[in-house]
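Below is one structure; the comments refer to it alone.
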Amino acid sequence: MDGGPRVPEQRRPGSVTVTDAQALRFGVLGPVRAWRGKEQLSTGSPQQRALLAALLLREGRTATAAELIDALWGGEPPPQALAAVRTYASRLRKIMDPGVLVSESGGYAIRGLGEGALDLVTAQDLAAQAEKARAAGDLSRARELLNQAFGIWDGEALAGVPGPYAETQRVRLEEWRLVLLESRLDMDLEQGCHAEAVSELTALTAAHPLRERLRELLMLALYRSGRQAEALAVYADTRRLLAQELGVDPRPGLRELQQRILQADPALAEPPSPAAEPTPVQVRPAQLPASVPDFTGRAAFVSELSEVLASASESPDADGRVMAVSALAGIGGVGKTTLAVHVAHRARTAFPDGQLYVDLQGAGPRPAEPETVLGSFLRALGTADSAIPDSLDERAALYRSVLDGRRVLVLLDNAKDAAQVRPLLPGTEGCAALVTSRVRMVDLAGAHLVDLDVMSPEEALALFTKIVGEERVAAERESALDVVAACGFLPLAIRIAASRLAARRTWTVSVLAAKLADERRRLDELQAGDLAVKATFELGYGQLEPAQARAFRLLGLADGPDISLPAAAAVLDLPAEDTEDLLEALVDTSLLESAAPGRYRFHDLVRLYARACAERDEQPPGVGAPPTPFGQWGREAAMSRLLDFYLATAAQVYAIERPGDRLVDHLEKTEYPGLRFEDRHRAQDWLYAEAVCLLACVRQSADGSTLRRAIDLLWASVDLAESGANSREYEASAAALRRAAQAAGDVGAEARASVVLSNARLFSGVFEQAYREALEAFQLAETAQDPLPSCWAANVLGSTAFYQNRHDDAEVYFSQAIEKFRSCGDLAGTAAALCNLSRLHLATDRADTAVVLARQGTDIYQELGHTLRGANGRYAFGMALGKTGQHGSATEQLEEALRVFRDSRQRLWEGMTLCRLAEVDLDARKPAQAASNAETALTVLRGIGGEWRRGHVLTVLGRALNGIGHSGRAQVCWQEALEIYENLNSPEAAVVLKLLTPVAAA
């Protein structure tokens, strides 16, 4: 894009018409090649390809024989150069369409190619489109287009083509590619992809060490990633390199960036924000209700609805436009009427013949009759009472006739259903109707449907501030955010809460926040005058059929942010088809939201109301009465079925991921069945999609008869901790379950919970706590005579001792784990302990036996058909091979493990495998590749794996950076690693200190 040399533009003369199967295509962004359709054609010798390249890059102009000879051989052509050129041209003409390679004025030209026939032209077009998209502010589109352009490159341009012309063009094309790459990286940073860009920029600066723009982008990416010291080290490395190689200082832009980093310039922290959209101009009302003076936000909906209304007011002559209908649906209190009135006022000038309004009372017990409404509309339009007919059909026909030729906007508020609305629609071009309802009017033909959701946090805070006052909110902003969050960002609830606070000058915002913090009292607190959130919900609930009302109550019991259709079927104890019908009916009434296909969610306040209804309407059966599915028994049974569903399904996922693993044989039995999966990918998809809801169910079940099942559910879902995807929530849930088991005095449950917790601590890098909890788990499991927790605890004890460099203890524990897993018949556990023991042997200079142990573990995994755990075996095997000097085989094993970990969404193992690859690269003397892998590892492990693992990756990254001459950045990485190890009191600090000493001495 701007700032770099341009390659010649290819002319596009009138293209010939051929089918895709016959199309002739050429490539110069890589080896010079030709295709007819999908068939690759022979382009001959290197000199013949050089001739083809020279003609393709001439923009369709004629190249004389002398120019071609100079392009191919420069100042020393062979004696028969002219004859050779003619021979090459003749051979090329045979593979082309007639009239493409033409002879003219003693030279040659290529003309008449079809669109997209030359890959360079396609790349230029994509780059030009990207430049336009960037100028228009669409950075996402610009980046996408540039990435498409980069995808066209297939290695070095004009690869293997000899001659001075090809060399010149190669340099120009590479410069152009780098300029485009710098532009895309610049946009990456503008869009906040700082950490992701660091790895790519590190590799690029290693490949192009004197290119200052890349260094500048790397400094900015590091600074925005919170790595200020490394950013400054890049500048120091650059200044030193430029002085050594060129005898010059960095350019002014680079020096200015260094100063801004030193000064912590706030403008560097984030890319500039886009300009704020202009505030919509409000218009004066006519027959519409007054628009609220503190209308806030909803800019996207206002724009969307205004556009639909504008389409009705445009001249119908050009394209036959007709009456426009927009139907807004949403939960009670979400602001449908407020938005519709606001939009109607904005559109008032487009409908000079009037605006009609009616409250159809659709949520109440007596909805308005359409004929009554039509009578009032006709009178408002000037029709005499004596001219208004009696029947509905006649009134509707007269209504449409009166509106013919007029531009009228009709606002039909609070409609019950489409049947109530249809007679009230104008039906003539130039008119428009806005409809609000709690019901989604999918059966209102031709309507533009809009689902209105709650406000964004920013909009909600703005509304609260407008009502309460800037001064009071500014003094307690955090409490104000707590208030609007407690209101679920529902406009009605926010208005009620803000109005209560505004009327009580002695209250602070924090007082109101404290009142709303109690979920059991929250709905009662949200009342002011004749406004009440509970009353709004009661109107919708009162219109439900009994089965719908039961579904509404029971689904509100689950704590997760949403619920899947199969999980909801478990709660209701109904077939999936019947459950879906009930849930979709609740969606249509706006008491439930469709979060995604097959997933449903409550608004937070609606959930509280549903639980209140469950406590109120599902009373226990009376004395002597037969058992019923209601009351406390019904609520507990519903949650028990949900827990069973999650446990049975998680066990199925675990069994698919780990065939032969005995854990599934030791889990608590379930009465309600789970899902079955065809392959491991669908099983993984389910586990990660359900992670938050599953963990919420675990926490909700941490007592009484459900405690043991909750612990086993967490154990079977260990991938959520091991992957790093939900490690913090998983660890917190495990700690809560252990406390519950201790409080219940259940030794067996406490042993299992302690194993789960110690395993989670191990993955998060908290080794001392993991060791203590695993030791406690081991002792409790022995007391409870529960063999599997004992096996797992021994393995965790060995791993924590290994990370703490207590190698003798680790060997004892790993040996115990192998023996215990074998006695349980758990081959998968045996393989895991063997691979762990292999790593211990590697750390204690027994590389040959480490290879043997890792191969044994990997062979067991392969026999069992373990894909994911087999990758753990390859991880250990690759490490062992690397230390025996078998770098190629080590890389092969680690790359295969990396592929599986990525495919399985195991971020923790993905990051550590990248780090191990970097170590092998360093041993193989490939520091640039090592730096790229270590940088990527650092990005992948961000926020997971714990500080010890981060320190290890930083140490490896420092060694790689030092190897490519980035000694300043290397020192920063080692210094950060040293601080980590010293804070952890880890012996690795001494190793890093030795790395720093030569740098400091120099």
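With the sequence shown counted from 1, adding 203 to any position gets you the working numbering. Even glycine gets a Cβ: it sits at the ideal position worked out from N, Cα and C.
Could you round the C-beta distance between Ala967 and Ala996 to whole angstroms and report it? I think they count as a contact, below 8 Å.
Within the sequence shown, the letter at position 764 stands for residue 967. Within the sequence shown, the letter at position 793 stands for residue 996. Rather than Ala, the amino acid found at residue 967 in this sequence is Ser. The pair is not a contact, with the Cβ atoms about 17 Å apart (cut-off 8 Å).
Closest to Gln243 by CA distance: which of Leu254, Gln251, Val546, Arg228 is it?
The residue labelled residue 243 in the question sits at position 40 within the sequence shown. Ranking Leu254, Gln251, Val546, Arg228 by CA distance to the CA of Gln243 puts Arg228 first.
DSSP state of Ile766 mapped onto helix, strand, coil:
Translated into positions along the sequence shown, residue 766 becomes position 563. When secondary structure is reduced to three states using DSSP, Ile766 falls in the strand class.
Helix, strand or coil for Trp710? Go by DSSP, reduced to three states.
Within the sequence shown, residue 710 is the residue found at index 507, counting from 1. Trp710 falls in the coil class under three-state DSSP.
Give a yes or no on whether 9 Å exceeds the smallest Cβ distance from Val1123 to chain D.
The structure shown contains no chain D; it holds only a single protein chain.
Given this structure, state the Cα-to-Cα distance separating Ser926 from Leu1111, to the nearest angstrom.
Within the sequence shown, the letter at position 723 stands for residue 926. Within the sequence shown, the letter at position 908 stands for residue 1111. Taking the Cα positions, Ser926 is about 5 Å away from Leu1111.
Can you give me the C-alpha to C-alpha distance between Gly743 and Leu794, rounded to a whole angstrom?
In the sequence shown, residue 743 corresponds to position 540, counting from 1. In the sequence shown, residue 794 corresponds to position 591, counting from 1. Between the alpha carbons of Gly743 and Leu794 lies a distance of about 7 Å.
Simplified DSSP assignment, three categories, for Asp616
For the purposes of this step, residue 616 is taken as the residue at position 413 of the sequence shown. In this structure, Asp616 counts as strand in the three-state DSSP scheme.
For Pro573, name the three-state secondary structure that DSSP assigns.
The sequence position of residue 573 within the sequence shown is 370, counting from 1. Three-state DSSP puts Pro573 in a helix.
The ligand ATP and Val511: does the residue's C-beta get closer than 8 Å to at least one heavy atom of that ligand?
Looking for the ligand ATP in the displayed structure turns up nothing, as the structure carries no ligands at all.
Give the secondary structure of His397 by DSSP, where H, G and I count as helix, E and B as strand, and everything else as coil.
In the sequence shown, counting from the first residue as 1, residue 397 sits at position 194. DSSP, read as helix, strand or coil, puts His397 in helix.
Could you round the C-beta distance between Val1224 and Thr246 to whole angstroms and report it? I think they count as a contact, below 8 Å.
One cannot answer for residue 1224 here, as it falls past the ends of the chain, which runs 204 to 1205.
Ignoring anything shorter than 3 residues, give me the beta strand (DSSP E) runs that lie fully in the segment 250-320, in order along the chain.
Runs of the beta strand (DSSP E) inside the segment 250-320: 304-307, 310-313.
In this structure, how does DSSP classify Ser993 when only helix, strand and coil are distinguished?
Position 790 of the sequence shown holds residue 993. DSSP places Ser993 in helix when its eight states are reduced to three.
Collapsed DSSP secondary structure at Leu531 in the structure displayed
On the sequence shown, residue 531 is found 328 positions in, with the first residue counted as 1. Correct three-state label for Leu531: strand.
Alpha carbon of Glu1098 to alpha carbon of Val1159, nearest angstrom
Within the sequence shown, the letter at position 895 stands for residue 1098. Within the sequence shown, the letter at position 956 stands for residue 1159. Each residue's alpha carbon lies about 18 Å from the other.
Where Val950 and Arg680 are concerned, what is the direct C-alpha to C-alpha distance, given to the nearest angstrom?
The sequence position of residue 950 within the sequence shown is 747, counting from 1. The sequence position of residue 680 within the sequence shown is 477, counting from 1. The alpha-carbon atoms of Val950 and Arg680 are separated by roughly 46 Å.
Could you check which residue in Arg804, Pro749, Glu377 has the C-alpha nearest to that of Ala770?
Taking the sequence shown and counting its residues from 1, the one referred to as residue 770 is at position 567. The shortest Cα separation from Ala770 among Arg804, Pro749, Glu377 belongs to Arg804.
Do you know offhand how far Leu304's Cα is from Gly315's?
Sequence index remark: in the sequence shown, residue 304 carries index 101 (1-based). Sequence index remark: in the sequence shown, residue 315 carries index 112 (1-based). Rounded to whole angstroms, Leu304 and Gly315 show a C-alpha spacing of 9 Å.
Restricting to Cα atoms, I'd like to know which of Thr1003, Cys1027, Ala754 is closest to Phe1017.
Walking along the sequence shown from the start, residue 1017 turns up at place 814. Phe1017 has its Cα closest to that of Thr1003, out of Thr1003, Cys1027, Ala754.
From Asp1124, Cys1118, Gly1068, residue whose alpha carbon lies closest to that of His1090:
Along the sequence shown, read from residue 1 onward, the residue named residue 1090 stands at position 887. Check the Cα spacing between His1090 and each of Asp1124, Cys1118, Gly1068: the tightest is with Asp1124.
Bridge-paired residues (DSSP) for Thr1033
Position 830 of the sequence shown, counted from the start, is the residue given in the question as residue 1033. In the DSSP output, where bridge partners are listed per residue, Thr1033 has none listed.
Check Ala1193 in the structure and name its three-state DSSP category.
The count along the sequence shown starts at 1 and reaches residue 1193 at position 990. Here Ala1193 sits in helix by DSSP.
Whose CA, out of Pro749, Ala706, Arg1058, lies closest to the CA of Gln730?
Counting from one through the sequence shown, the residue named residue 730 turns up at place 527. Selected option, being the one with the closest Cα: Ala706.
Per DSSP, Leu559 forms a beta bridge with which residues?
Taking the first residue of the sequence shown as position 1, residue 559 is located at position 356. Paired residue(s): Val613.
Own chain, CB closer than 7 Å to Phe1104, minus 5 neighbours either side, in chain order
To locate residue 1104, count along the sequence shown from 1; it is residue 901. Counting only Cβ-Cβ distances below 7 Å, and skipping sequence neighbours, we find Ala1074, Trp1112, Glu1113, Thr1116.
On a CA-only basis, which of Gly907, Thr1087, Val505, Ala1034 is nearest Gly1076? Give me that one, please.
Residue mapping note: residue 1076 aligns to position 873 of the sequence shown, counting from 1. With respect to the C-alpha of Gly1076, the residue from Gly907, Thr1087, Val505, Ala1034 having the closest C-alpha is Ala1034.
How about Leu512 and Ala502: do their beta carbons lie closer than 9 Å?
Residue numbering aside, residue 512 sits at position 309 when the sequence shown is read from its first letter. Residue numbering aside, residue 502 sits at position 299 when the sequence shown is read from its first letter. Contact check for Leu512 against Ala502 fails: the beta carbons are separated by 9 Å or more.
Residues in its own chain within less than 7 Å of Ala928 by CB, not counting five upstream and five downstream?
Locating residue 928 in the sequence shown gives position 725, where the first residue counts as 1. Take Ala928, set aside five residues on each side of it, and the residues of its chain with a beta-carbon closer than 7 Å to its own are Tyr891, Ala894, Arg1108, Arg1110, in chain order.
On the CB-based measure, 16 or more other CB atoms within 10 Å of its CB, does Ser1189 come out buried or exposed?
By one-based count along the sequence shown, residue 1189 stands at place 986. Under a 10 Å Cβ-count criterion, Ser1189 is classified as buried, with 16 or more other Cβ atoms of the shown protein chains found around its own Cβ.
Given this structure, state the Cα-to-Cα distance separating Leu757 from Gly1068, to the nearest angstrom.
Residue numbering aside, residue 757 sits at position 554 when the sequence shown is read from its first letter. Residue numbering aside, residue 1068 sits at position 865 when the sequence shown is read from its first letter. Each residue's alpha carbon lies about 41 Å from the other.
For Gly186, which option in Gly536, Asp328, Ile272 has the closest C-alpha, if you only look at C-alpha atoms?
The structure shown does not extend to residue 186, since the chain is modelled only from 204 to 1205, so the question has no answer here.
Check for me: the alpha helix (DSSP H) holding Ala339 runs from which residue to which?
The count along the sequence shown starts at 1 and reaches residue 339 at position 136. Run containing Ala339: none; DSSP gives neither H nor E here.
Would you identify the three-state DSSP class for Ser908, choosing helix, strand or coil?
Within the sequence shown, the letter at position 705 stands for residue 908. Helix at Ser908.
Sub-9 Å separation of Ala530 and Thr639 beta-carbons
The residue labelled residue 530 in the question sits at position 327 within the sequence shown. The residue labelled residue 639 in the question sits at position 436 within the sequence shown. Taking the C-beta atoms as reference points, Thr639 is found nearer than 9 Å to Ala530.
With 16 other CB atoms within 10 Å as the buried threshold, where does Leu413 fall?
Indexing the sequence shown from 1 puts residue 413 at position 210. By the neighbour-count rule (16 or more Cβ atoms within 10 Å), Leu413 is not buried but exposed.
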